[in-house]
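Below is one structure, written out as structure tokens, with a few remarks after it.
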Amino acid sequence: MTNRDPLLDPVLDPAAMRKQYRAEGLAEQDLASHPMDQFARWFEDAARAALHGTVYEPNAMVVSTADAAGRPSSRTVLMKQFDTDGFVFFTNYDSRKARELAENPHVALLFPWHPLARQVIVTGTARRTGRDETAAYFRTRPHGSQLGAWASAQSSVIASRAGLDAAYADLEARYPEGEQVPVPPHWGGFRITPQTVEFWQGRENRLHDRLRYVTQPGGRWKVERLSP
Ligand SMILES: Cc1cc2nc3c(=O)[nH]c(=O)nc-3n(C[C@H](O)[C@H](O)[C@H](O)COP(=O)(O)O)c2cc1C
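Following the numbering used here from start to finish, the sequence shown increments by one per residue and tops out at 228.
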């Protein structure tokens, strides 16, 4: 630790890490009327940035859940679909996140597009996707990922890496490449219906733009500006 002490090496000192964000802002009149259309615009920017290597995995998002007692937990997942109704990701239904969502459907999503000085923060509720939608997506996954979904009892404590590798090897022997892998019953999607969607654009001098869509009765959306 001695030669990596942030006090001795300013390159490692988080308190000294300071970026000036760019001047280009986000104005109310430039927003789409529906937050998912605005998301589509920003997602396109992030996807284009990924083509140039500026952003890595633009569809990676942090999902925060909470148990029935309100204790939070967060993890990264890959958003696999979005449309007017919201965002979809896939996971193990016995995982911690899925168990928490069964107790408490309230969820927050965060897209951290740091190289663009942008983040999108969503709050809403999650429900399971239908089995047909899950199966359709499962079929698009690489064979190895399909087997991985069977091999992993996600979020449970396991004895060793060797046990996991052995479980995978057994599955590989049973379902060689080219053989159809059934959709695991404990695996599937969650669709997040947004209640608020905040578009955050970093600006100079920490005077960032924060525009938040809030759902209104009748399916309308109100936009409010938040202080940075
Ligand atoms: C970039 C990235 C993408 C990930 N994508 C997924 C995903 O799509 N689905 C998933 O279940 N876990 C994904 N993970 C693993 C999760 O972060 C997490 O470890 C796992 O889902 C178990 O979380 P839980 O125990 O809180 O339920 C991803 C991790 C990273 C770093």
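For each residue, glycine too, the CB sits at the ideal point set by N, CA and C. What you are looking at is a predicted structure, and each value in this text was computed from that prediction instead of being measured.
Practice task
Report yes if the C-beta of Thr91 is less than 7 Å from at least one heavy atom of ligand 1; otherwise report no.
Solution key: Here residue 91 refers to the residue found at position 91 when the sequence shown is read from its first residue. Yes, the Cβ of Thr91 comes within 7 Å of a heavy atom of ligand 1.
Problem - Cα-Cα separation, Arg206 to Glu198 - result: Translated into positions along the sequence shown, residue 206 becomes position 206. Translated into positions along the sequence shown, residue 198 becomes position 198. Each residue's alpha carbon lies about 17 Å from the other.
Practice task
Closer than 7 Å by C-beta to His186: which residues in its own chain qualify, once you throw out the five before and the five after it? Chain order, please.
Solution key: In the sequence shown, residue 186 corresponds to position 186, counting from 1. These residues qualify, in order along the chain: Asn92, Tyr93 and Asp94.
Exercise for the section: Mark Val157 as exposed unless 16 or more other C-beta atoms lie within 10 angstroms of its C-beta, in which case mark it buried. Expected result: For this step, residue 157 is matched to residue 157 along the sequence shown. The residue is exposed, with fewer than 16 neighbouring Cβ atoms inside 10 Å.
Practice task
Can you give me the start and stop residues for the alpha helix (DSSP H) that Pro35 sits inside?
Solution key: If you number the sequence shown from 1, residue 35 lands on position 35. Pro35 -> alpha helix (DSSP H) spans Pro35 to Leu51.
Handout entry: Whole-angstrom distance between Gln20 and Met36, CA atom to CA atom
Key = The sequence position of residue 36 within the sequence shown is 36, counting from 1. The sequence position of residue 20 within the sequence shown is 20, counting from 1. Distance between the alpha carbons of Met36 and Gln20: 28 Å.
Handout entry: 8 Å CB neighbourhood of Ser227 in its chain, flanking five on each side removed
Key = Here residue 227 refers to the residue found at position 227 of the sequence shown. Closer than 8 Å at Cβ, skipping near neighbours: Arg210.
Exercise for the section: Kindly indicate which three-state DSSP category Ser152 falls into: helix, strand or coil? Expected result: Taking the sequence shown and counting its residues from 1, one reaches residue 152 at position 152. Three-state DSSP puts Ser152 in coil, outside helix and strand.
Handout entry: Residue from Thr196, Gln119, Glu224 and His106 with nearest C-alpha to Arg128
Key = In the sequence shown, residue 128 corresponds to position 128, counting from 1. Residue His106 is the option with its Cα nearest to Arg128.
Handout entry: Of the residues Glu100, Val122, Leu101 and Glu103, the one placed nearest Leu110, counting alpha carbons only
Key = Within the sequence shown, residue 110 is the residue found at index 110, counting from 1. Looking at the Cα atoms, Val122 is the closest of the given residues.
Handout entry: Of the listed residues Ser33, Ala50, Arg75 and Trp150, nearest to Gly188 (C-alpha basis)
Key = Stepping through the sequence shown from its first residue, residue 188 is reached at position 188. Gly188 has its Cα closest to that of Trp150, out of Ser33, Ala50, Arg75 and Trp150.
Handout entry: Short Cβ contact (8 Å threshold) for Val63 with Ser74
Key = Counted from its first residue, the sequence shown places residue 63 at position 63. Counted from its first residue, the sequence shown places residue 74 at position 74. Taking 8 Å as the Cβ cut-off, Val63 and Ser74 qualify as a contacting pair.
Problem - Distance between beta carbons of Pro115 and Thr54, contact taken as under 8 Å - result: Looking up residue 54 in the sequence shown gives position 54. Looking up residue 115 in the sequence shown gives position 115. That pair is a contact at about 5 Å.
Handout entry: Three-way DSSP call (helix, strand, coil) for Asn92 in this model
Key = Reading the sequence shown from its first residue, position 92 is the one you call residue 92. In this structure, Asn92 counts as strand in the three-state DSSP scheme.
Practice task
Would you mind working out which of Ala102, Glu133 and Arg139 sits nearest Gly178, comparing C-alpha positions?
Solution key: By one-based count along the sequence shown, residue 178 stands at place 178. Checking every option, the nearest Cα to that of Gly178 belongs to Arg139.
Handout entry: Rounded C-alpha distance that separates Ala166 from Gln180
Key = Here residue 166 refers to the residue found at position 166 when the sequence shown is read from its first residue. Here residue 180 refers to the residue found at position 180 when the sequence shown is read from its first residue. So the two alpha carbons sit approximately 20 Å from each other.
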